[in-house]
Amino acid sequence: MCRATYDRIAPHYDTGMRWFDRWFLAELRRKALDKLPPNALTLELGAGTGLNFRYYRSQARGVATEPSREMIRLAAAKRRPQEVGLIQSCAEEIPFADATFDAAFATLVFCSVVSPQRTLAELKRVLKPGGVVVLLEHVRPPSVLGHVFDLLNVVTVPLFGDHLNRRTAAAVREAGFQSTTVERRVAGIINFITCVR
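In this note's numbering, the protein residues as written are 249 to 445.
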């Protein structure tokens, strides 16, 4: 992810996402967080401006990370559970010891990380054995739509660092996560990916 790009769009991000949240994304965010084990020490990758904070359980504890300075500044102003910290960090270099967290999640993050493989390796490293990962991601859809996303990728990557045609579920399996389940939504464009360390 280009931090400068997300620093630039940060003031407009919530407004840009509002329509998607009203249409379908808010409910999907809620469902993603509901899939996390209760009372788990949890890591959120790519918290952005903190749009997920309203869906955290009141007793949630853990850390939300975000690489963009401007995004994290906006996230810090939003209400979140008292036991959830907020730090600036990129997904490819998570600043925690091995086997720290019980669970991890990300929403709409793997499209913009520089290296999905390094990010998944870092997730495996910081999760305890048996730790759960929940991803809510837009991905390359099946059928002819996939070819359309391949073409759009030529524009979205240079402009926003946003890869529309990533195959995140396959990357998760290749990284060695176990018990991977994939729920497809919105014509296969959105995937819930749940797996175990």
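Every residue gets a Cβ at the ideal spot worked out from N, C-alpha and C, and that includes glycine.
Residue range of the alpha helix (DSSP H) that includes residue i
i	result
H395	392-408
R321	317-324
A419	416-422
For residue j and residue i, the rounded distance between their alpha carbons
i	j	result
V362	E340	8 angstroms
E370	V420	12 angstroms
T348	G379	10 angstroms
G296	L322	8 angstroms
N413	V382	19 angstroms
Y261	M319	9 angstroms
For residue i, the three-state DSSP class (helix, strand or coil)
i	result
L284	coil
R327	coil
I247	The chain is shown from 249 up to 445; residue 247 falls before or after that span and cannot be answered.
F344	coil
Q365	helix
G379	strand
F425	coil
Beta-bridge pairing of residue i - partner residues as DSSP gives them
i	result
T355	L384
V430	I441
V311	L291, G333
F349	L375
Chain D contact for residue i (CB, 7 angstroms cutoff)
i	result
E422	Of the protein chains in the structure, only one exists, and it is not chain D.
Contact under 7 angstroms by Cβ, residue i with residue j
i	j	result
L291	V311	yes
P364	I437	no
Distance cut-off 6 angstroms: residue i Cβ against heavy atoms of the ligand MN
i	result
N439	Absent from the structure shown: the ligand MN. Ligands present: none.
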